[in-house]
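Student: Going by my numbering, the first residue of the sequence shown is number 2, and it counts up by one from there.
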Amino acid sequence: MDLIVTAKQLFTPLERIEHPLVFVEDGKIVEVVSREAREASRGTRLLDFGDACLAPGFIDVHVHGGGGHDVMEADPSGLNAVEQLLHRHGVTSYLPTTITAPLDETLKAVERLANAIESAGPSKDKAPRARPVGIHLEGPFISHIRRGVHPPENILPPTVETFQKLWEASRGCVKLITIAPEVEGARAVIAEATARGVCVSMGHSDADLKAAQDGVSAGARHATHTFNAMRPLNHRDPGILAVVLMDDRVSAEIIVDGIHVDPVIVQLFLRAKGAEGAVLVTDGTAATGMPNGHYRLGSLDVEVNDGKCTSDGKLAGSVLTMDKAVQNVMKFADCDLQNAVRLATLNPARTAGVAPQNGTITVGAFADMVALSPRGEVRTTIVRGEVA
Ligand SMILES: [Zn+2]
Numbered sequence: 002m003d004l005i006v007t008a009k010q011l012f013t014p015l016e017r018i019e020h021p022l023v024f025v026e027d028g029k030i031v032e033v034v035s036r037e038a039r040e041a042s043r044g045t046r047l048l049d050f051g052d053a054c055l056a057p058g059f060i061d062v063h064v065h066g067g068g069g070h071d072v073m074e075a076d077p078s079g080l081n082a083v084e085q086l087l088h089r090h091g092v093t094s095y096l097p098t099t100i101t102a103p104l105d106e107t108l109k110a111v112e113r114l115a116n117a118i119e120s121a122g123p124s125k126d127k128a129p130r131a132r133p134v135g136i137h138l139e140g141p142f143i144s145h146i147r148r149g150v151h152p153p154e155n156i157l158p159p160t161v162e163t164f165q166k167l168w169e170a171s172r173g174c175v176k177l178i179t180i181a182p183e184v185e186g187a188r189a190v191i192a193e194a195t196a197r198g199v200c201v202s203m204g205h206s207d208a209d210l211k212a213a214q215d216g217v218s219a220g221a222r223h224a225t226h227t228f229n230a231m232r233p234l235n236h237r238d239p240g241i242l243a244v245v246l247m248d249d250r251v252s253a254e255i256i257v258d259g260i261h262v263d264p265v266i267v268q269l270f271l272r273a274k275g276a277e278g279a280v281l282v283t284d285g286t287a288a289t290g291m292p293n294g295h296y297r298l299g300s301l302d303v304e305v306n307d308g309k310c311t312s313d314g315k316l317a318g319s320v321l322t323m324d325k326a327v328q329n330v331m332k333f334a335d336c337d338l339q340n341a342v343r344l345a346t347l348n349p350a351r352t353a354g355v356a357p358q359n360g361t362i363t364v365g366a367f368a369d370m371v372a373l374s375p376r377g378e379v380r381t382t383i384v385r386g387e388v389a
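What follows is the structure, given as structure tokens:
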């Protein structure tokens, strides 16, 4: 045994254990019990987080960058800086996320990210950091009408051939792909990606009700930053949002920074998706963790002013962090800590297809944990059994 961790309580996150003991060996969880059930073995390092709550490390499936670095351009040391920043905010796994860019640039970025994912072993001499566990392709198969800040000249019509190029460049590391289901050719790509085990997310989309339903029939199971860059809900023209909010097969992201979506809409969203279907994401950019100024988002210049990221006056990602998203969802939607944790751990892990090794505190899972205050503030982050 390498380490035993204890605290006031633990969320697996589906279950709650009072006075837990978590036994860690070789970076994995080997036993989870209550202190009443057995004693901590002598001679093993015991970490006691007092009145804190232990939760699985957060998983962010939508991250463009942080600490001044964009994941599409970052060299290994830049990526490391992004991952150290994520780690400080409780994130232990993430999906580096591309934005729409010239195809050859995206292919190169995806190759570099695949290298990072394949070599994401122990931190060794490096500072503790979150691990990339897959790639999220946001674009290029999106709608011109709902492109947000994605450059229009780089948006591509969805074809299985182009998807295949991206898939091969990623060496199978793509876990999530954002597609507008209404665009011609989208359904064939949705079916192909789904057949390869990629989760297809509907987003940057102007789909009407029928097109969104067809997208789900073809295999789509997730929605990218719900409400943002999406055809709005209309009572006579319900559109994609009716499907995203009501279809229980579809999980859905939301950016809870108080800027992208009004707090009241966060409440509505949670009533619709429940604790099972909601996924907290940051959509964090290079500007996250940095002072006001100008930063990169893919090939774009983004201006950050007091927590708001814009490019040409349009919202362009965020500077939100996952711990803040957890705290905000508790505040905005009267969500308790256990459910807020679920939205940031198990749900995104399921979406990315990396549960239960990631996103749960169970035997056999990676020893990725975060010790939280009752209000959701990060006290310590543990990645693969390494304590900062
Ligand atoms: Zn994004």
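In this text, a Cβ means the ideal position worked out from N, Cα and C, and glycines have one as well.
Relative to the alpha-carbon of L138, which residue among A121, F367, D313 and L157 has its alpha-carbon at the smallest distance?
Tutor: The shortest Cα separation from L138 among A121, F367, D313 and L157 belongs to L157.
Student: Give the DSSP bridge partners of R132, in chain order.
Tutor: Per DSSP, S94.
Student: What does the Cβ neighbour count give for M247, buried or exposed, with the cut at 16 atoms within 10 Å?
Tutor: That one is exposed.
Student: Across which residues does DSSP place H70 in a beta bridge pair?
Tutor: H70 is bridged to G67.
Student: Kindly indicate which three-state DSSP category S35 falls into: helix, strand or coil?
Tutor: In this structure, S35 counts as strand in the three-state DSSP scheme.
Student: Touching or not, the stretch 32-39 and the stretch 158-177, by the rule of three or more beta carbon pairs under 8 Å?
Tutor: These segments do not touch.
Student: Quick check on T7: does DSSP put it in helix, strand or coil?
Tutor: T7 falls in the strand class under three-state DSSP.
Student: DSSP three-state call for L303: helix, strand or coil?
Tutor: According to the sequence as given, residue 303 is Val; it is not Leu. Strand at V303.
Student: Could you pull the DSSP bridge partners for L54 from this structure?
Tutor: The sequence as given places Cys at residue 54; Leu does not occur at that position. Q10 and L373, per the DSSP bridge assignment.
Student: Got a sec? Which residues, its chain only, sit under 8 Å from V111 by beta carbon, not counting five neighbours each side?
Tutor: Once the five neighbours on either side are set aside, the close Cβ partners of V111 are T99, I136, L138, L167, A170, S171, C174 and V175.
Student: Put H295 into one of helix, strand or coil per three-state DSSP.
Tutor: Note: H295 maps to strand in three-state DSSP.
Student: Should I383 go down as buried or exposed, given a rule of 16 or more other Cβ atoms within 10 Å for buried?
Tutor: Label assigned to I383: buried.
Student: Return yes when at least one heavy atom of ligand 1 lies under 8 Å from the C-beta of T98, else no.
Tutor: Yes, ligand 1 has a heavy atom inside 8 Å of this Cβ.
Student: Looking at I256: is its Cβ nearer than 9 Å to the Cβ of T283?
Tutor: For I256 and T283, yes; Cβs fall inside 9 Å.
Student: If G216 and T179 are in contact, beta carbons under 8 Å, what's the gap, nearest whole angstrom?
Tutor: The pair is not a contact, with the Cβ atoms about 12 Å apart (cut-off 8 Å).
Student: Would you give the residue range spanned by the alpha helix (DSSP H) that L104 belongs to?
Tutor: Element bounds for L104: L104 to E119.
Student: Assuming V190 is part of the alpha helix (DSSP H), what are its boundary residues?
Tutor: Where V190 is concerned, the enclosing alpha helix (DSSP H) stretches over A187 to A196.
Student: Measure the alpha-carbon distance for A75 versus Q85 and round it to whole angstroms.
Tutor: If you take the alpha carbons of A75 and Q85, they lie about 14 Å apart.
Student: Using a 10 Å radius around the Cβ and a threshold of 16 neighbouring Cβ atoms, would you call R39 buried or exposed?
Tutor: Answer is exposed; the Cβ neighbour count stays below 16.
Student: Bridge partners of H137, per DSSP?
Tutor: Answer is T98 and L177, bridged to H137.
Student: If you drop the 5 nearest sequence neighbours on each side, which residues of the same chain put their C-beta closer than 6 Å to that of T45?
Tutor: Excluding sequence neighbours, T45 sits near M2 and I5.
Student: Please indicate yes or no: does the CB of G66 lie closer than 8 Å to some heavy atom of ligand 1?
Tutor: No, the Cβ of G66 stays beyond 8 Å of every heavy atom of ligand 1.
Student: Near H261, what residues of its chain come up, given a Cβ to Cβ distance below 6 Å and the 5 sequence neighbours on each side ignored?
Tutor: Closer than 6 Å at Cβ, skipping near neighbours: N229.
Student: Can you confirm whether the stretch 294-304 touches the stretch 232-252 when touching is taken to mean that 3 or more C-beta pairs between the two stretches lie within less than 8 Å?
Tutor: Taking 8 Å as the limit for Cβ pairs, the verdict is that the stretch 294-304 does not touch the stretch 232-252.
Student: What residues in its chain sit with their C-beta under 7 Å from that of P103, if we drop five residues either side in the sequence?
Tutor: So the qualifying residues of the chain are N155.
Student: In the DSSP assignment, find the unbroken alpha helix (DSSP H) run with A273 in it and report its ends.
Tutor: Its alpha helix (DSSP H) spans residues P264 to G278.
Student: So for M203, helix, strand or coil by DSSP?
Tutor: Strand at M203.
Student: At a cut-off of 8 Å, would you count H226 as near ligand 1, judging by its Cβ distance to the nearest heavy atom?
Tutor: Yes, Cβ of H226 sits closer than 8 Å to a heavy atom of ligand 1.
Student: Kindly indicate the opening and closing residues of the alpha helix (DSSP H) around A326.
Tutor: Its alpha helix (DSSP H) spans residues M323 to A334.
Student: Please state the DSSP three-state secondary structure of N340.
Tutor: Looking at N340 - three-state DSSP - the assignment turns out to be helix.
Student: Sorry if obvious, but does the Cβ on G173 come closer than 8 Å to a heavy atom of ligand 1?
Tutor: Incorrect: G173 has no Cβ contact closer than 8 Å to ligand 1.
Student: Work out the CA separation of R232 and A208 for me, nearest whole Å.
Tutor: Each residue's alpha carbon lies about 7 Å from the other.
Student: Opposite D238 in the DSSP bridges: which residues?
Tutor: Looking at the DSSP assignment, D238 forms a beta bridge with N235.
Student: Based on the DSSP secondary-structure assignment, which residues constitute the bridge partners of H223?
Tutor: S202 and S252.
Student: Looking only at C-alpha atoms, which of V388, R385, V371 and E387 sits nearest to A53?
Tutor: For A53, the nearest C-alpha among the options comes from V371.
Student: Tell me which same chain residues have a C-beta within less than 7 Å of the C-beta of R380, skipping the five on either side of it?
Tutor: Closer than 7 Å at Cβ, skipping near neighbours: F50, A53, A372, L373 and S374.
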